[in-house]
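Every number in the working numbering is 1363 more than the matching position in the sequence shown, counting from 1.
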Amino acid sequence: MSVAGAWSQNAIQATYAWLKEGLKPRCITRDLKWGVPVPHEKYKDKVFYVWFDAPIGYISITACYTMDWEKWWKNPENVELYQFMGKDNVPFHTGYGGAVEDWISKISL
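Given below as structure tokens:
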């Protein structure tokens, strides 16, 4: 069950379990033919995993299409953000993704 402004109980329990086990390395690349290429000769056959570049990509693609992008990303009084979390990727959503979004909110884009 989800509550407005909060994670679901499933996400909370999965996150606690993940932290209790200790943080583990998470791969940020995939062996796919489509996606954002890794800009390094050693990894020329790899692309970034979509969840790695998504927090930055969502904002940057909006900025590419409208000069008013900040109305969507820096306007919490007038914009509601809904996030849908897949149970297979709770560590990203509750850890890495939130940290990147927090970092992005503090820099000048």
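Each residue gets a CB set at the ideal place from its N, CA and C atoms; glycine is no exception.
Sort the options by Cα distance to residue i and report the nearest one.
| i | options | result |
| --- | --- | --- |
| Q1376 | T1429, K1407, P1454 and V1463 | P1454 |
| P1400 | G1449, Y1412 and Y1428 | Y1412 |
Looking at residue j and residue i, is the spacing between their C-beta atoms short of 8 Å?
| i | j | result |
| --- | --- | --- |
| T1457 | A1374 | yes |
| T1425 | W1432 | yes |
| K1405 | T1392 | no |
| P1418 | V1463 | yes |
Helix, strand or coil for residue i, going by three-state DSSP, please let me know.
| i | result |
| --- | --- |
| P1418 | helix |
| V1410 | strand |
| P1400 | strand |
| T1392 | strand |
| K1434 | helix |
| G1449 | coil |
| V1463 | helix |
| A1380 | helix |
| A1374 | helix |
Between residue i and residue j, what straight-line distance do the alpha-carbon atoms span, to the nearest angstrom?
| i | j | result |
| --- | --- | --- |
| K1387 | N1452 | 13 Å |
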